[in-house]
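For the sequence shown, the UniProt record's numbering gives the first residue as 1, with consecutive numbering after it.
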Amino acid sequence: PLCRGRFAAAVCRRGADFSFARLHPPAEVMMVHCAGCERPILDRFLLNVLDRAWHIKCVQCCECKCNLTEKCFSREGKLYCKNDFFR
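Written out as structure tokens, the structure reads:
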């Protein structure tokens, strides 16, 4: 699915949901782990992509490792840039 737009806008198609979520103080929530690096997300904000939480820096193409800041494509739960998705 193609996801277009800024992360904060959460304007997406076919389930590629990019949105920011604000974390409550640590005592109020369970530890959230990044889908990319599997480390805890301790930032004030996390990024939701494909219904999983990510560090902003971990949202990158699984092939070329470029940062996906504007839009992304996904196949079988993996994130791709446009060039690698259509190869």
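C-beta atoms are modelled at their ideal positions from N, C-alpha and C, and glycine is treated no differently.
Please tell me whether Cys61 and Asp84 are closer than 8 Å, where the distance is taken between their beta carbons.
In contact: Cys61 and Asp84 (Cβ atoms closer than 8 Å).
Put Phe86 into one of helix, strand or coil per three-state DSSP.
Of the three classes helix, strand and coil, the one that applies to Phe86 here is coil, per DSSP.
List the endpoints of the continuous beta strand (DSSP E) containing Cys37.
From DSSP, Cys37 is part of no beta strand (DSSP E); its letter is neither H nor E.
Grouping DSSP H, G and I as helix and E and B as strand, with all else coil, what is Lys65?
Correct three-state label for Lys65: coil.
Once the 5 residues before and after Cys34 are set aside, which same chain residues still bring their CB inside 7 Å of it?
Counting only Cβ-Cβ distances below 7 Å, and skipping sequence neighbours, we find Ile41, Ala53, Trp54, His55, Cys58.
Can you give me the C-alpha to C-alpha distance between Glu70 and Lys82, rounded to a whole angstrom?
Approximately 11 Å between the Cα atoms of the pair.
Which of helix, strand or coil does DSSP assign to Lys71?
Lys71 falls in the coil class under three-state DSSP.
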